[in-house]
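Note sheet for the following structure.
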Amino acid sequence: MNDLTTEELGRILNWYRLAELSFATLESDDEQLHERLSETYEEQIELDSLDMNDCGDACKL
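Each residue of the sequence shown is one higher than the one before, starting from 4 at the first, in the working numbering.
What follows is the structure, given as structure tokens:
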């Protein structure tokens, strides 16, 4: 499970973008890390949007 909040992940991604603009070239490992962080960020946004109290069809017993 991810211990970083959505806000924290967004801030890290912003730092990456700033570094990319400042340094122009980054290591390939940095690009892979950015992709993984971006995927995690998108997943976290999706999880945050879920209504955990909505049981859908499971409530119809």
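From the three backbone atoms N, C-alpha and C, an ideal C-beta is built for every residue, glycine too.
So, helix, strand or coil for Asp-78, using DSSP?
The chain is shown only over 4 to 64; residue 78 falls outside these bounds and no answer can be derived.
Integer-rounded CB distance, given that Gln-47 should sit under 8 Å from Leu-12
6 Å
4 or more residues per run - each alpha helix (DSSP H) lying fully within the segment 7 to 36:
9 to 26
Measuring only the C-alpha atoms, how far is Thr-8 from Thr-43?
10 Å
Please classify Met-4: is it buried, with 16 or more other beta-carbons within 10 angstroms of its beta-carbon, or exposed?
Residue confidence is low: Met-4 scores 45 on pLDDT, short of 50, so the model does not pin down where it sits. Its coordinate-derived value is still stated next. Looking at its Cβ environment, which holds fewer than 16 other Cβ atoms inside 10 Å, Met-4 is exposed.
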